[in-house]
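Just so we're aligned, residue 84 is where the sequence shown starts under the working numbering, counting upward by one.
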Amino acid sequence: ARGRTLLETVDGAVALAQLHPGAVYLHQGETYVVSDLDVRRRIAWAEQRDVDYYTVARELSDIRVNSVDGEKWCNGSHVRLGDVQVTTHVVGFRKRRQFTEESLGEEPLDLPETTFATKAFWFEVPQVAIDRVAERHAGLAGALHACEHAAIGVLPLFALCDRNDIGGVSTLSDSGAGMPQVYIYDAYPGGVGIAEMGYESIERLWRSTLSLVRECPCLDGCPSCIQSPKCGNNNEPLDKEGAIALLEAMSA
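Encoded structure:
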């Protein structure tokens, strides 16, 4: 048998999404396919292989607020910063052909949930924004999801990070608040300061996100505006017009 070499270590919070069995992993420009994952020992075995596809994990995410460190009102929206508990469950993965994005099928996975504590900022979507989305005959769930993706894409301009350092969850009705909420969190346990930057810059973030989505020449949304390469829900639902309506109301 060939000798085994340690390629690199991966943060536990994202390990199952990146190193599940069957995952295509990029290391120093070379592609590796994960053949096995020992969750208990925290070891993934990967083999160097040239493949013409990439993989995207299908994740279910849940978020729970532990404490609120700061709150403010901006354009009718209640914005908060605090400590949260994020639970993610990788339930499968999709294969997509490189360049053409052709779907090559989906495979289920049987992996445990992972939970970590981190920092997040989140904002309530006010009734005026919900009404604006309805006036455009757009779907609220798609508008929220698209707004979340686009804001995560823009936030690195403010926080000097990579979009992979950020996660998000949008909810139509928060059990505690009753109004739709968009949560954006640091994808690393304990947080690394990104959420604080987002909270401080929230109005600029909304305006910049609106400009990005409104000025993108695509018709229904693309990877440059509202689609995310690491979306656990296969970029569904997404509504570009709804996101514009929502962000216009909140950037007034």
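Note that beta-carbon positions come from the ideal geometry of N, C-alpha and C, so glycine has one too.
### Task
Give a yes or no on whether the C-beta atoms belonging to A229 and D322 are separated by under 8 Å.
Taking the sequence shown and counting its residues from 1, the one referred to as residue 229 is at position 146. Taking the sequence shown and counting its residues from 1, the one referred to as residue 322 is at position 239. A contact, by the Cβ cut-off of 8 Å.
### Message
Nearest by alpha-carbon distance to A106: which of F176, A326, L194, G153 is it?
### Response
Residue numbering aside, residue 106 sits at position 23 when the sequence shown is read from its first letter. A106 has its Cα closest to that of F176, out of F176, A326, L194, G153.
#### Entry: Three or more C-beta pairs below 8 Å linking the segment 272 to 289 and the segment 203 to 214
Here the segment 272 to 289 makes contact with the segment 203 to 214; the two share three or more CB pairs at distances below 8 Å.
### Cα-Cα separation between V162 and Q131, rounded to whole angstroms
Residue mapping note: residue 162 aligns to position 79 of the sequence shown, counting from 1. Residue mapping note: residue 131 aligns to position 48 of the sequence shown, counting from 1. Each residue's Cα considered, the two are about 46 Å apart.
#### Entry: Residue-level contact to chain C via CB, I146, 8 Å cutoff
The chain inventory of the structure shown lacks chain C, comprising one protein chain alone.
#### Entry: Three-state secondary structure (DSSP) of Y282
One-based indexing of the sequence shown puts residue 282 at position 199. The three-state reading of DSSP puts Y282 in helix, counting H, G and I together.
### Task
Label G337 either buried or exposed according to how many other C-beta atoms from any shown protein chain fall within 10 Å of its C-beta, with 16 as the threshold for buried.
Shown here, the chain extends from 84 to 335; a query on residue 337 therefore has no answer.
### Task
Report the three-state DSSP secondary structure of S291 (helix, strand or coil).
As a first step, residue 291 is located in the sequence shown; it is residue number 208 there, counting from the start. Helix, per DSSP.
### Task
Pick helix, strand or coil for I267, following the three-state DSSP scheme.
Start at 1 with the first residue of the sequence shown, and residue 267 comes out as number 184. Residue state, collapsed to three classes: strand.
### Query
Where do the N-terminal and C-terminal ends of the beta strand (DSSP E) with Q168 fall, by residue?
Translated into positions along the sequence shown, residue 168 becomes position 85. Boundaries of the beta strand (DSSP E) harbouring Q168: 160 to 180, taken from the DSSP string.
### Task
Tell me whether T138 is buried or exposed, calling it buried when 16 or more other Cβ atoms sit within 10 Å of its Cβ.
Looking up residue 138 in the sequence shown gives position 55. T138 comes out buried.
#### Entry: Cβ-Cβ distance between A200 and G325 below 8 Å
Looking up residue 200 in the sequence shown gives position 117. Looking up residue 325 in the sequence shown gives position 242. It is not a contact, given that the beta carbons lie outside the stated cut-off.
#### Entry: Which of helix, strand or coil DSSP assigns to G95
Residue mapping note: residue 95 aligns to position 12 of the sequence shown, counting from 1. If DSSP states are grouped into helix, strand and coil, G95 belongs with the helices.
### Query
Taking buried to mean at least 16 other C-beta atoms within 10 Å of its own C-beta, is R87 buried or exposed?
For this step, residue 87 is matched to residue 4 along the sequence shown. Under this definition R87 is an exposed residue.
### Query
Are the segment 262 to 277 and the segment 234 to 248 in contact at 8 Å, needing three or more beta carbon pairs?
These segments touch.
### Query
Between which two residues does the alpha helix (DSSP H) containing E218 stretch?
Looking up residue 218 in the sequence shown gives position 135. Per DSSP, E218 is one residue of the alpha helix (DSSP H) stretching across 210 to 218.
### Task
Grab me the residues of V134's own chain with a C-beta within less than 8 Å of its C-beta, minus the 5 sequence neighbours each way, in chain order.
Mapped onto the sequence shown, residue 134 falls at position 51. Excluding residues within five positions, the ones whose Cβ falls inside 8 Å are V107, T114, V116.
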